[in-house]
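Note that the protein sequences, when read in sequence, are chains A and B.
The numbering used here applies: residue 2 is where the first sequence begins, and numbers increase by one.
The numbering used here applies: residue 2 is where the second sequence begins, and numbers increase by one.
Even for Gly, the Cβ is constructed at its ideal location relative to N, Cα and C.
2 protein chains.
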Amino acid sequence: MKDLAEDVIISESGKVLLLIAKPVMPALEATVSSIKASGRTVEVLEYNFPGEPSFSLFEELLVTSTALNPDCVVGVGGGSVLDCAKLLAALTGNSQKVQDVPGTNILKGRKISLICIPTTSGTGSEMSPNAILLKEETNEKLGIISPDLVPDACYIDPELTVSLPRKFTAETGIDALCHCIEAYTNKFAHPAVDLYALKGIELISANLLKACNDGSDIEARSALSLGSMYGGLCLGPVNTSAVHALSYGLGGKFHISHGLANAILLPEVLKFNMPSTLSKTAQIAVAMGVKPCATEKETAKAEIEFIRELSKSCGIPQHLTEIGITADSLEDLATIALNVKRLLNNNPREVSFEDAIGIYSRIL
Amino acid sequence: MKDLAEDVIISESGKVLLLIAKPVMPALEATVSSIKASGRTVEVLEYNFPGEPSFSLFEELLVTSTALNPDCVVGVGGGSVLDCAKLLAALTGNSQKVQDVPGTNILKGRKISLICIPTTSGTGSEMSPNAILLKEETNEKLGIISPDLVPDACYIDPELTVSLPRKFTAETGIDALCHCIEAYTNKFAHPAVDLYALKGIELISANLLKACNDGSDIEARSALSLGSMYGGLCLGPVNTSAVHALSYGLGGKFHISHGLANAILLPEVLKFNMPSTLSKTAQIAVAMGVKPCATEKETAKAEIEFIRELSKSCGIPQHLTEIGITADSLEDLATIALNVKRLLNNNPREVSFEDAIGIYSRIL
């Protein structure tokens with residue numbers, strides 16, 4: 002990342018605010034020094050908070066950012082850090098309040114520059130117009146969607162992902178895989194995005210276990226970084242569907258990490274969608290190198306089994322009870338999921354309350 | 002195209018200006034009627050001019066558009082029609098004059114909506130921020146590049162290309178192939194665009210001769226439409242390089258059609274670029290289904306020969322003398338090409354004046 006100081010956006014900025022995830026602070030030291038040496042005022046905020054960022058956490062960050070009044074925000078981290086950096090850039094010096102901007106195209110008019118540098122291969126936030134905050138009072142995850150949240154520049158450097166522990170590599174990797182699969186099987190799938198989705202599926206499925214087994218395997222890390230970028234490029238124009246919708250409650254109410262929640266749901270949701278996505282699921286099988294069976298249906302089933310096995314091999318639990326969710330929570334989870342219409346509307350098969358309960362029950 | 006009347010942009014417009022290429026007027030009749038029936042004021046301008054659109058031609062169209070004061074412009078045609086439609090949308094009600102906007106990001110602030118509907122599989126204009134006009138006094142082709150020239154919506158309907166004669170199918174098809182190849186081998190190639198480029202190469206090379214031999218082959222036409230769309234998606238973020246630069250003089254000074262000029266140049270420019278693009282040319286061979294040879298160099302050579310043969314089979318002349326260009330014009334052509342720095346800067350290998358003369362000479 003030593004080149005960051007020479008980035009044209011940085012070099013045209015007087016004051017730069019960097020929001021950096023704690024674990025990668027040491028890796029960014031030299032970069033921060035060289036930006037300082039280039040004559041800019043630099044403020045570094047260390048991000049070290051577990052779980053989804055809350056509105057109140059974000060507001061604290063915004064107070065600091067407003068006081069500094071930067072002309073560029075740089076986010077370096079996973080999805081939570083990047084989402085906060087994006088919102089900081091959009092809301093610093095903006096008369097809109099963060100509580101007022103959830104929803105699509107309500108946030109408007111970012112005035113300062115924004116650079117995102119992912120340190121996981123999963124979020125896709127660096128490529129997307131989305132940011133998610135947790136409303137603590139109600140444990141609701143709220144999406145803020147606006148073209149102003151698309152960064153001006155991204156640096157995707159696999160070296161920054163090398164130190165990511167196996168658990169997070171696996172969970173974020175399956176999250177990126179979800180972005181690709183949910184876009185490819187989406188009701189609003191589009192040829193301009195299909196290519197990203199299929200290439201992302203190919204790269205992630207071929208390299209996730211390798212990177213989990215050897216975090217320093219830079220070839221596997223590079224492939225995951227690229228696959229995750231392709232997954233991120235699916236998010237703006239097409240976006241995700243039922244997997245992400247059904248994981249909202251797991252994240253918001255039970256504070257299960259975003260990637261893990263999606264990973265547990267993915268195979269079962271694909272199975273549920275199969276009647277509407279048979280040939281697309283079979284095409285995903287081709288991208289994953291799964292041997293075609295006699296019929297499309299058998300290929301699709303084999304494909305879903307392949308994903309389940311990949312997920313298991315990476316150490317991801319396959320059942321809700323393994324992560325502390327019991328049967329008495331399923332109605333709550335389904336109620337929350339059915340409210341995420343923004344994503345459920347994208348699903349190739351309609352999901353009723355009973356359908357949602359059925360999906361959760363089968364992975365209980 | 003019957004759905005066009007229901008397009009959200011059209012249905013929110015009071016006055017719609019359609020600029021339609023003459024040969025497709027009959028195919029659009031029902032569409033125009035249904036837009037009228039939906040209560041909009043509709044003005045149809047028939048476009049029936051040969052060659053590149055000139056500044057003076059465009060200014061005449063602009064007078065009509067300004068008098069109508071539409072809130073939506075729809076272009077239906079090949080590259081010339083779409084370029085004019087894009088500029089009409091951007092300059093109607095704009096205080097900037099068309100003479101003042103050539104260059105990159107000089108044109109600013111389109112106020113009305115813009116829909117593009119290509120009727121060839123070649124231009125990519127429907128996907129790009131580019132428009133080209135001919136300065137008649139000097140026979141110069143000038144590029145106008147601005148995000149405001151990217152349409153709000155495109156309809157890509159292969160049925161509209163079915164009536165395109167063999168000659169234009171071939172020339173525009175190779176133009177689309179150039180967009181893909183020049184983006185993939187570009188100095189500023191990018192993974193987000195590489196996928197479009199390779200898929201476009203695959204689709205066009207597998208279907209161009211089929212569509213030339215049987216214009217009504219709707220499968221081949223559909224593949225070409227999609228391939229051309231992918232080629233168009235290469236234009237904004239990466240764009241073309243030396244093939245397009247070296248064809249500027251052929252189009253501007255000698256009024257050779259854009260696709261034909263590019264088609265004649267393509268194999269020889271690829272050969273010139275080979276020292277810098279050996280493995281990329283070999284990867285293009287894979288996308289085209291050319292059998293790999295013992296070495297990358299041999300594969301690249303076989304690939305270029307494959308393109309030359311494809312072009313020949315489609316009836317495209319391979320020599321400048323066949324289209325009336327003689328040796329005494331080469332210096333002029335090279336001088337013009339060397340001035341197209343916007344594109345030459347993208348080329349993977351530097352092109353000197355002598356290099357340009359060499360390329361033209363070898364295809365004389």
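Local Cβ density within 10 Å of residue i, reported as buried at 16 or more and exposed below that
i, result
"Val206 (chain A)", "As written in the sequence, residue 206 (chain A) is Ser, which differs from the Val given in the question. Buried: at least 16 other Cβ atoms inside 10 Å."
"Asn346 (chain A)", "exposed"
"Thr296 (chain A)", "exposed"
"Ala451 (chain A)", "Here chain A has residues from 2 to 365 only, and residue 451 (chain A) is not among them."
"Gln100 (chain A)", "exposed"
"Thr139 (chain A)", "exposed"
"Lys302 (chain B)", "buried"
"Ser362 (chain A)", "exposed"
"Thr336 (chain A)", "exposed"
"Asn95 (chain A)", "buried"
"Pro130 (chain A)", "buried"
"Glu355 (chain A)", "exposed"
"Lys292 (chain B)", "exposed"
Chain A within 8 Å of residue i, Cβ atoms only
i, result
"Lys16 (chain B)", "no"
"Pro192 (chain B)", "yes"
"Leu210 (chain B)", "no"
Beta carbon proximity, residue i to chain B, threshold 8 Å
i, result
"Lys188 (chain A)", "no"
"Leu236 (chain A)", "no"
"Leu279 (chain A)", "no"
"Leu69 (chain A)", "no"
"Leu83 (chain A)", "no"
"Leu227 (chain A)", "yes"
Top-ranked residue by Cα proximity to residue i, from the options
i, options, result
"Lys23 (chain A)", "A:Glu137, A:Thr300, A:Ser126 and A:Pro51", "A:Pro51"
"Ala177 (chain A)", "A:Thr42, A:Val163 and A:Val244", "A:Val244"
"Thr105 (chain A)", "A:Ala132, A:Gln284 and A:Lys16", "A:Ala132"
"Leu209 (chain B)", "B:Met26, B:Thr336, B:Ile324 and B:Ile308", "B:Ile308"
"Ser66 (chain A)", "A:Glu138, A:Met2, A:Ala91 and A:Lys200", "A:Ala91"
"Ile257 (chain A)", "A:Ser217, A:Ala301, A:Glu323 and A:Pro148", "A:Glu323"
"Leu161 (chain B)", "B:Lys16, B:Asn340, B:Glu30 and B:Ser330", "B:Glu30"
"Pro166 (chain A)", "A:Lys211, A:Phe255 and A:Ser14", "A:Lys211"
"Asp218 (chain A)", "A:Leu18, A:Thr170, A:His191 and A:Gly252", "A:Thr170"
"Val75 (chain A)", "A:Thr336, A:Ala288 and A:Ala86", "A:Ala86"
"Ser81 (chain A)", "A:Gly325, A:Ser126, A:Gln97 and A:Ala193", "A:Ser126"
"Leu196 (chain B)", "B:Tyr249, B:Gln284 and B:Asn214", "B:Gln284"
"Lys342 (chain A)", "A:Asn240, A:Ile265 and A:Pro192", "A:Asn240"
"Ala28 (chain A)", "A:Leu225, A:Cys315, A:Lys298 and A:Ser164", "A:Ser164"
"Asp215 (chain B)", "B:Lys136, B:Pro238, B:Cys315 and B:Gly123", "B:Cys315"
"Gly79 (chain A)", "A:Pro318, A:Ser114, A:Ser122 and A:Phe354", "A:Ser122"
Closer than 7 Å at the beta carbon, the chain C residues around residue i
i, result
"Lys200 (chain A)", "Here the protein chains are A and B, and chain C is not one of them."
Sequence-distant residues of the same chain with beta carbon closer than 6 Å to residue i, five excluded per side
i, result
"Tyr156 (chain A)", "Ile118"
"Pro349 (chain A)", "Thr186, Lys188, Asn274, Ser277 and Thr278"
"Ala286 (chain B)", "Thr300 and Glu304"
"Leu311 (chain A)", "none"
"Pro238 (chain A)", "Val194"
Residues near residue i in its chain [Cβ-Cβ closer than 7 Å; skip 5 each side]
i, result
"Met230 (chain A)", "Met128 and Ile157"
"Val270 (chain B)", "Ala243, Val244, Leu247 and Ile360"
"Gly15 (chain A)", "Arg41, Thr42 and Asp72"
"Gly252 (chain B)", "Glu53, Lys142, His259 and Ala262"
"Val102 (chain B)", "Leu108 and Ile145"
"Asp149 (chain A)", "Ala91, Leu108, Lys109, Gly110 and Arg111"
Contacting residues, own chain, Cβ-Cβ under 8 Å from residue i (five flanking each side not counted)
i, result
"Ser223 (chain B)", "Pro159"
"Lys37 (chain A)", "Val43"
Problem - Whole runs of the beta strand (DSSP E) within the region 136-168 of chain B, excluding any shorter than 3 residues - result: With a minimum length of 3 residues, the continuous beta strand (DSSP E) runs that stay inside the region 136-168 of chain B are 141-146.
Practice task
Scan the region 281-322 of chain A and note each continuous alpha helix (DSSP H) run of 4 residues or more that stays entirely inside, going in chain order.
Solution key: 297-314, all fully within the region 281-322 of chain A.
Practice task
May I have a chain-ordered list of the alpha helix (DSSP H) segments no shorter than 4 residues that lie completely inside the region 9-84 of chain B?
Solution key: Scanning the region 9-84 of chain B for uninterrupted alpha helix (DSSP H) segments of 4 residues or longer gives 9-12, 26-38 and 56-69, listed from N- to C-terminal end.
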